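A.B. asks: Mind having a look at this structure? Questions to follow.
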Amino acid sequence: MEKQKVRRSKTLSEEKLNKIKRLTMESFSKIGSDSYRQKLVYNLLNVIKSDNQREFFDILLRALNSQKDNVKAKELVKELGDVYPITHGNFEKLAYSIVMGIMAAKSVSGGE
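Just so you know, we're using this note's numbering here: the sequence shown kicks off at 1197 and counts up by one.
Here you go:
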């Protein structure tokens, strides 16, 4: 079963990671307050540290699903579906790109 996950896992290019980070930033600029995003980032960082992909995606997808008419959130979910399942090394890269996108969302909603 583990071989099947590795075989289906796709490589993450720098371009794909940047696209996911940008979509995350655009999605979360419309989701919640600053304190909500801070709490979300804190929870996601703890899950990354424990290397629990299932819980990471569960938390992230619940947050994104709360926005029914957020087009960028839907596009982000599609991109995440394209790269899942993911290897440990790629999971860390992807997870930190998502966290950085959430952290950067504040400046998008307030500045532009």
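Ideal Cβ positions, reconstructed from N, Cα and C, are used throughout, including at glycine.
Computed from a predicted structure; not experimentally measured.
1) DSSP state of SER1231, grouped into three classes?
2) Please tell me whether ALA1301 and SER1223 are closer than 9 Å, where the distance is taken between their beta carbons.
3) Which of the three DSSP states, helix, strand or coil, is assigned to ASP1278?
4) Given this structure, state the Cα-to-Cα distance separating ILE1227 from GLY1277, to the nearest angstrom.
5) Could you give the residue range of the alpha helix (DSSP H) that holds ASN1266?
6) Of all the options LYS1264, LYS1270, PRO1281 and LEU1256, which has the alpha carbon lying nearest to the alpha carbon of ARG1233?
7) CB GLU1179 to CB LEU1219, shorter than 9 Å?
8) DSSP three-state call for ASP1254: helix, strand or coil?
9) I'd like to check one pair, LEU1260 with LEU1241: are the Cβ atoms closer than 9 Å?
10) Here's a check: name, in chain order, each residue in its chain whose Cβ is nearer than 8 Å to the Cβ of LEU1208, leaving out the five neighbours to either side.
C.D. replies: The answer reads as follows:
1) Here SER1231 sits in helix by DSSP.
2) Going by beta carbons, ALA1301 and SER1223 fall inside the 9 Å limit.
3) Three-state DSSP puts ASP1278 in a helix.
4) For ILE1227 and GLY1277, the distance between alpha carbons rounds to 20 Å.
5) Segment: none, ASN1266 is in no alpha helix (DSSP H) and carries neither H nor E.
6) Scanning LYS1264, LYS1270, PRO1281 and LEU1256 for the CA closest to the CA of ARG1233 turns up LEU1256.
7) Coverage of the chain is limited to positions 1197 through 1308, which leaves residue 1179 absent and any answer about it impossible.
8) Three-state result, ASP1254: helix.
9) No, these two residues do not count as a Cβ contact at 9 Å.
10) Hits under 8 Å: VAL1279, ILE1282, ASN1286, LYS1289 and LEU1290.
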